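Structure first, commentary second.
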Amino acid sequence: MSCRGMERTGKCLCGALALTAHDVDDKVAACHCGMCLRWAGGPWMGVTVGSIDFEDDSALGVVASSAWAERGFCTKCGSSVFYRVTAEGTFEGLTSVSFGLLDDKSGLSFDKEWFIDRKPECYAFAGERPQVTEAEVLSIFTDLGA
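For reference, each letter of the sequence shown is one residue, going 9 to 154 in my numbering.
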């Protein structure tokens, strides 16, 4: 069971995007889909948050990466910042912040892997956790009307 309510700060590689994430989950998830691999240079590792406040968002770039989501990044250094579901439905507004940009990573646990059947063979994470296939992910979004 996850625990939300924490607040955490973070920043991109160059520091142009400093943020405070509110209502932060204590679970980290990895995504192995093709879009995340291209965007993050490897599996996207994110933490679900309720909201994000930026000290200054002038370096924030946002791209609609699919019919159901957008991705935020730093326009100065290229750091991946967030993934947000934009499709109407149960998950609308769900936001995941990059695990790597958090200043304090203590108290978080690696909880799930998405698109496990799309994971390249050249790497694997140690330990066991729930793993979700591409078909299962697409079914979740289809069933919820996203």
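Even for Gly, the Cβ is constructed at its ideal location relative to N, Cα and C. The structure displayed is predicted, hence computed values, not measured ones.
**Q.** Length-filtered (4 minimum) alpha helix (DSSP H) runs lying within the region 25 to 49
**A.** 42 to 48
Q.
So, under 8 Å CB-CB, C20 and S104 are touching, yes? Tell me the CB distance rounded to an integer number of Å.
A. Taking the first residue of the sequence shown as position 1, residue 20 is located at position 12. Taking the first residue of the sequence shown as position 1, residue 104 is located at position 96. With 8 Å as the limit, C20 and S104 do not qualify as a contact, their Cβ atoms being about 15 Å apart.
Q.
Just verifying my parser: in three-state terms, what is the DSSP assignment at T156?
A. Past the boundaries of the shown model lies residue 156; the chain is included only from 9 to 154, so the question cannot be answered.
**Q.** Among D125, E129, E136, the one whose alpha carbon lies nearest that of C41
**A.** In the sequence shown, the residue the question calls residue 41 occupies position 33. Checked all of D125, E129, E136; the closest Cα to C41 is D125.
Q: Give a yes or no on whether the minimum CB-CB distance between T83 and chain B is below 8 Å.
A: The structure shown has no chain B; it contains just one protein chain.
Q: Report buried or exposed for G135, applying the criterion of at least 16 other Cβ atoms within 10 angstroms of its Cβ.
A: To locate residue 135, count along the sequence shown from 1; it is residue 127. Counting of Cβ neighbours within 10 angstroms places G135 among the exposed residues, the total staying below 16.
Q: Mark L152 as exposed unless 16 or more other C-beta atoms lie within 10 angstroms of its C-beta, in which case mark it buried.
A: Walking along the sequence shown from the start, residue 152 turns up at place 144. With a pLDDT of 49 at L152, under the threshold of 50, the modelled position of that residue is not reliable, and no figure is offered here.
**Q.** Exposed unless 16 or more other CB atoms sit within 10 angstroms - verdict on E121
**A.** Locating residue 121 in the sequence shown gives position 113, counting from the first residue. So E121 counts as buried.
Q. Start and end of the beta strand (DSSP E) containing L68?
A. For the purposes of this step, residue 68 is identified with residue 60 of the sequence shown, where counting begins at 1. Its beta strand (DSSP E) spans residues 68 to 72.
**Q.** Alpha-carbon to alpha-carbon, G18 and Q139
**A.** Looking up residue 139 in the sequence shown gives position 131. Looking up residue 18 in the sequence shown gives position 10. So the alpha carbons of these two residues sit roughly 27 Å apart.
Q | Inter-residue spacing [alpha-carbon to alpha-carbon] between C44 and D33 | A | Mapped onto the sequence shown, residue 44 falls at position 36. Mapped onto the sequence shown, residue 33 falls at position 25. Distance between the alpha carbons of C44 and D33: 20 Å.
Q: Could you spell out the range, first to last residue, of the beta strand (DSSP E) harbouring C82?
A: Locating residue 82 in the sequence shown gives position 74, where the first residue counts as 1. Run containing C82: 77 to 82, per the beta strand (DSSP E) assignment.
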